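One structure is given here, and the rest of the page talks about it.
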Amino acid sequence: ALVLVFSPLPRLRGLLQRCWGRLERGLLPGFSGGQSLPWGPALAVQAPAFLPQPVNDTSESNEAPGLLDSILWMAAPKKRRTIEVNRCRRRNPNKLIKVKRNIDVCPECGNLKQKHVLCGYCYAKVKAETRLIRMEIHKKEGGPFNAPTVETVVLYDGEKPTEKDEGKRIIERARKRPSWFVQN
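Mapped onto the numbering used here, the consecutive letters of the sequence shown carry residue numbers 468 to 651.
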């Protein structure tokens with residue numbers, strides 16, 4: 468199984484033929500049982516050990532095993548995909564971005580948001596207010612490790628603690644309660 472590469476340059480073709488001949492003479496005697504030279508070229512092919520070994524038939528064949536017989540071949544496409552096929556696959560309606568039909572107006576701020584999802588603008592306001600409440604707690608108690616193990620109640624201007632707030636941690640804010648921050 469000699470593979471010839473035809474080249475427009477005869478010198479290069481002759482060089483390739485000589486190299487291939489040397490490679491076959493150096494490698495194939497080692498495969499067929501003959502002793503190869505220790506300084507000759509070597510080829511290592513790693514394959515899984517669970518592959519079945521070829522059965523030795525009784526008819527003695529004089530053919531030496533080819534170099535490509537011990538390589539595990541992977542699947543490869545037989546033909547190139549055309550541009551039309553590629554575009555049809557990529558532009559499939561299932562892969563395109565779907566139009567969202569669950570868009571609503573936020574009742575608090577008037578910005579667009581998805582139904583059943585917290586508005587992003589309102590969330591930013593809630594996050595800022597929560598950060599300020601945490602800073603008040605930090606000032607009052609000196610850190611997260613000194614916090615009592617009771618419930619926290621946040622009171623804004625004009626609010627008084629009720630009888631059910633007895634024994635709870637009370638944080639007072641010096642501003643009017645926001646409309647989106649419900650009372651406990």
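Virtual Cβ for every residue (Gly too), placed ideally from N, Cα, C.
None of these values were measured; they are calculated from a predicted model.
From residue i to residue j, what distance separates their C-alpha atoms?
{"i": "residue 507", "j": "residue 539", "result": "Because the pLDDT of residue 507 is 48, which lies under 50, any placement of that residue in the model is unreliable, and the number read from its coordinates should be weighed accordingly. Answer to the nearest angstrom: the Cα atoms are 24 Å apart."}
{"i": "residue 624", "j": "residue 643", "result": "5 Å"}
{"i": "residue 560", "j": "residue 551", "result": "15 Å"}
{"i": "residue 478", "j": "residue 485", "result": "11 Å"}
{"i": "residue 487", "j": "residue 547", "result": "31 Å"}
{"i": "residue 599", "j": "residue 606", "result": "11 Å"}
{"i": "residue 480", "j": "residue 492", "result": "18 Å"}
Looking at residue j and residue i, is the spacing between their C-beta atoms short of 8 Å?
{"i": "residue 567", "j": "residue 581", "result": "yes"}
{"i": "residue 621", "j": "residue 640", "result": "yes"}
{"i": "residue 563", "j": "residue 570", "result": "no"}
{"i": "residue 589", "j": "residue 573", "result": "yes"}
With DSSP run on the structure shown, which of helix, strand or coil describes residue i?
{"i": "residue 564", "result": "coil"}
{"i": "residue 585", "result": "coil"}
{"i": "residue 600", "result": "helix"}
{"i": "residue 636", "result": "strand"}
{"i": "residue 482", "result": "helix"}
{"i": "residue 579", "result": "strand"}
{"i": "residue 539", "result": "coil"}
{"i": "residue 617", "result": "coil"}
{"i": "residue 547", "result": "coil"}
{"i": "residue 649", "result": "coil"}
{"i": "residue 491", "result": "helix"}
Does the beta carbon of residue i fall short of 7 Å from some heavy atom of the ligand PLP?
{"i": "residue 482", "result": "With respect to the ligand PLP, the structure shown offers nothing to examine, as it has no ligands at all."}
Leaving out five residues before and five after residue i in sequence, what residues of the same chain have Cβ atoms less than 6 Å from its Cβ?
{"i": "residue 627", "result": "none"}
{"i": "residue 603", "result": "638"}
Quick one: what's got a C-beta closer than 7 Å to residue i's C-beta in the same chain, skipping five residues either side?
{"i": "residue 608", "result": "614"}
{"i": "residue 576", "result": "586, 588, 589"}
{"i": "residue 629", "result": "none"}
{"i": "residue 557", "result": "none"}
Starting from the C-beta of residue i, find all residues in its chain whose C-beta is less than 8 Å away, skip the five residues before and the five after it, and write them out in chain order.
{"i": "residue 587", "result": "578, 580"}
{"i": "residue 545", "result": "none"}
{"i": "residue 618", "result": "635, 636"}
Open item on the list: For the pair the stretch 602–617 and the stretch 634–644, tell me if three or more CB-CB distances fall below 8 Å.
Closed with: yes
Task: Contact the stretch 643–650 vs the stretch 585–598: 3+ CB pairs below 8 Å - done: yes
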